[in-house]
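So the sequence shown is residues 163 to 326, counted in our numbering. All residues carry an ideal CB built from backbone N, CA and C; glycine is no exception. From a predicted model like this one, the values you see are computed outputs, not experimental measurements.
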Amino acid sequence: MKNNQIAQSSFEYLLMQIVMNRQKESETIDDSKEKIKRIGYDVGNRLTERFTDFEKPINKIDESIKYLLTIQWCKPFFDNPTLKYIESNKTYTITVLQSDFVSTISSFQIEKYNPIEIKELYLSYLIGIIHGSLNSRGFKVDIHYPNIKNNFDHSFELIITLCE
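Structure, rendered in structure tokens:
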């Protein structure tokens, strides 16, 4: 399977999980986000382990994040990202102004979820992928996204904080 097909099949798997979670009436949106985040973690961890043998070793967190933003199996999730580091609080911010995947997933009409909740599920998945990948390389991080309750566009930010 080619690397860009991996991203597409990973995205399709996410959509399938969202639909399956929709069918579980007892599950809250927070439960669904946590479940999706764990799935993303497994995907990020396994794909990083799978491709690590073929690439040069990465020993720095900034190199690892840049790797994730540019590697073919993950790149489609981050259309033209910017990465900013703030030394004082050891925080990296990934900003994506336009995401085709956010556009696609936001257009889905799933009865249980509103468009913002669907976007939150997508971001939870990305958080899981990044966390799983960085953890497999030995980096301990906390990842979150700012409040997006009124953000209906196809942009997003993820904030990665290094844990000591």
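State buried or exposed for residue i, treating a residue as buried only when at least 16 other CB atoms are found within 10 Å of its CB.
i	result
P243	buried
S286	buried
G290	buried
K199	buried
S317	exposed
I321	buried
G294	buried
S194	buried
T190	exposed
N309	exposed
T134	Nothing can be reported for residue 134: it is not among the residues displayed for the chain, which extend from 163 to 326.
L288	buried
Among the options, whose alpha-carbon lies nearest the alpha-carbon of residue i?
i	options	result
I201	S317, L283, Y254, N309	L283
Q256	P277, L231, L296	Going by the sequence as given, residue 256 is Ile instead of Gln. Taking only the C-alpha atoms, the option nearest I256 is L231.
I305	D315, S298, C325	C325
N221	K195, R299, L288	R299
K237	F301, N276, D262, I280	D262
T210	D315, E319, F301	F301
L259	D241, K252, W235	D241
Which residues bound the beta strand (DSSP E) around residue i?
i	result
E249	E249 -> no beta strand (DSSP E), and no H or E assigned at all.
Report the partner residues of residue i according to the DSSP bridge assignment.
i	result
D304	T323
I256	L245, L320
Note the first and the last residue of the continuous alpha helix (DSSP H) segment covering residue i.
i	result
P277	277–298
F213	191–214
K228	223–232
Identify, in the order they occur along the chain, each residue of the same chain with its Cβ nearer than 6 Å to the Cβ of residue i, setting aside the five sequence neighbours on each side.
i	result
Y247	Y254
M163	Here M163 scores only 48 on pLDDT, less than 50, and its place in the model is too uncertain to base an answer on.
I223	F301
With a threshold of 7 Å on Cβ separation, who are the neighbours of residue i within its own chain once the five nearest residues in sequence on each side are excluded?
i	result
Q179	I198, I201
G206	G290, I291, I292, H293, G294, S295
L245	I227, K228, L231, Y254, I256
E319	T255, I256, T257, Y307, P308
V303	H293, L296, I322, T323, L324, C325
Residues in its own chain within less than 8 Å of residue i by CB, not counting five upstream and five downstream?
i	result
Y203	G290, I291, H293, G294, N297
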